[in-house]
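Residues 934 to 1264 (the numbering used here) make up the sequence shown, in order. Ideal placement from N, C-alpha and C gives every residue a C-beta, glycine not left out. Since the structure is predicted, the reported quantities are computational estimates derived from the model, not experimental observations.
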Amino acid sequence: MDVLDGILSSLKLNGGVVFDARSTGDWCVVSQFKPEHCAPFFAIPGEIISYHFVRKGRVFAQLPGQAAAEVSEGSLILFPRNEAHLLFTAPGLEPTDMAEYVGPGANGAVNSIVMDFGGDPTQLYCGWLGVPTGAHPLLAALPSMLLVSCDTFAVDWIASSLSIAAREWRNSPATVAKISELLFAQAVKRYEQDAPDGSWLAALRDPIMAKALAAIHMHYGQDLSLDALAKEAGVSRTILGERFIAMLGEPPMRYCARWRMQVAANHLLEDENTTAIVAHRVGFGSEAAFSRAFKRHFGEPPAAWRRRMEEDARSLAQGEHKVRELDHHFR
C-alpha cells in the first residue's frame, strides 16, 4: 500500500446515498447535502463529500465567486468539503433548492430527483459520503471543486456502479458506500497526477517528502523524531523542516502528531480497542497523555468521543428503518 492508499483508507468513509436525477428542459438549482438530509439514511457524519456524475447531456457547476465549470457527459465533479454550489443547464435562471425535487421517481425510489420542464433531457447521479471523524488533511488539500473527465472505460464502470448504488441503497448501504468510496479514491488519484506544485498532494511526488511521509504513515506507533525522519528522507533536519513548511504549511512533528490522532480515532471506532490499547498503538507511553492529546485535537476525551460515535451508529440503524418506511410509503 502506498502513502496515498493509506491516507485514503484512513478516511473511513461511511454511509453513502446515490440519487438518480432526471430532468428535461433548462433549470438552475442550489445543491448542498446538509446534516439533516443524512439523518433518514445514516448517522450524521463529521464531514460530507458530495459529487455529481453526468451520464446524459451536460450541466454547469459554480461555486460562489468562481467561474462556472462545464461538466460534460461522462464527467464527474466532486465537492470534497460539500460547499453549496449551483448546478444549471443555462445561465441567468433563478435558482431553486434541489431538495424541492427529491421524491418518488419512475422507479418508485425515494432517492430520486425529477425536474420536468420540457426540452432536452439531462441525467445525473448525485451522491454523498460521510467522514465520521471530521476534518481530514486530505479533504483540506483538495480544491473546493474537483472536475474529473473520465475515459470510456471509466465512464462505463462509473455509470454501471452508480446505477447499482441507486437501486441497492435500501438493501445494502455498505455496498453503496464502498462503490462511492472507490469512485472518490479514483478521482483523487487522477487529481494527484496533476496536482499543482506546492499543494499537499504534490508533496507525494517529491522524493524527500514521499520518504518522510511514508515513514510517518507506516510507523506512527513508534517514537519518531525529527532526526529519524530526516535520516529516512536522506536530508538534514533543517532541509526537511523547510520542505514540510513550504509544501504542507507545518513542521514535520506537528504533521506526525495530527496523523497519530487521525489513526487513533479510527482505532477507537473498533469495538475491541480500549483507550489504553489505542494509546499504545499510536505511540503514547500512558493513557493519560494520550487522552490529553486527543482532547486537544478533537475537543473531547476519547471515551466521550467514542460514546458519541456509538450513539451515531445506533441512529444509523434507526435511520435505515425510517428509510424502509419511506420506501414502503411510496410503493
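Within the region 935-1012, the complete alpha helix (DSSP H) runs of at least 4 residues fall at 936-943, 968-971. Residue pairing of Leu1057 in beta bridges, as defined by DSSP: Ala954, Val987.
In this structure, DSSP gives Leu1202 a state outside helix and strand, which the three-state scheme calls coil. Contact check for Gly990 against Thr1055 passes: the beta carbons are separated by less than 8 Å. Between the region 1144-1162 and the region 1185-1196, the count of C-beta pairs closer than 8 Å reaches three or more; the two stretches touch.
Between the alpha carbons of Ile1210 and Ala1222 lies a gap of roughly 13 Å.
For Leu1134 and Thr1029, the gap between their C-alpha atoms comes out near 35 Å.
Between Leu1062 and Leu946, the gap from beta carbon to beta carbon is short of 8 Å. In this structure, the straight-line span from the alpha carbon of Gly958 to that of Ala1098 is close to 26 Å. Taking the Cα positions, Arg1123 is about 18 Å away from Arg1014. For Ser1005, the CB contacts under 6 Å within the same chain, skipping 5 residues up- and downstream, are Arg991 in chain order.
By the neighbour-count criterion, in which a residue is buried when 16 or more other Cβ atoms sit within 10 angstroms of its Cβ, Arg1239 is buried. Excluding the 5 residues flanking it on each side, Leu1146 has same chain C-beta neighbours closer than 6 Å at Val936, in chain order.
Residue environment: Ala1166 is assigned as buried (16 or more neighbouring CB atoms within 10 Å of its CB, all protein chains considered). Straight-line spacing of the CA atoms in Leu1071 and Val1088 works out to 25 Å. Phe1227 and Gln1195 have their C-alpha atoms roughly 9 Å apart.
Nearest Cα to His985 within the set Ala1092, Asp938, Ala1128, Leu1173: Ala1092.
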